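Numbering (my numbering), first residue to last: 89 to 181.
All C-beta atoms, glycine included, are put in the ideal place defined by N, C-alpha and C.
Predicted model only: the values in this text are computed from it and were never measured.
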């Protein structure tokens with residue numbers, strides 16, 4: 089509940105929970121300028137800046153190089169949590 093309130097305070101409409109685990113929760117969100125995204129809200133204790141930097145390097149490769157990597161769009165760190173915005177891969181499995 090606290091995670092969805094944080095997203096709403098940042099201007100996102102939380103549509104549903106996509107998943108949750110020990111490190112955080114992932115939500116389907118919508119924002120007027122960005123459209124539909126997956127937003128991962130995780131405890132800062134689990135946020136690894138090195139992993140974020142590597143993901144940034146990989147996301148610069150053309151999509152055809154490795155189409156299985158989900159593109160990270162942005163991250164914003166707060167006192168206790170970090171929000172990571174990424175492409176929403178609607179697999180409908």
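For residue i, which three-state DSSP category applies?
i           : result
residue 94  : helix
residue 108 : strand
residue 164 : strand
CB residue i to CB residue j, shorter than 9 Å?
i           : j           : result
residue 157 : residue 163 : no
residue 130 : residue 107 : no
residue 174 : residue 125 : yes
Let me know if residue i comes out buried or exposed under the rule of 16 or more other beta-carbons within 10 Å of its beta-carbon.
i           : result
residue 95  : buried
residue 100 : buried
residue 128 : buried
residue 97  : exposed
| query | Enumerated in chain order, which unbroken segments of the beta strand (DSSP E) with a length of 3 residues or greater are wholly contained in the region 114–146? | reply | 123–131
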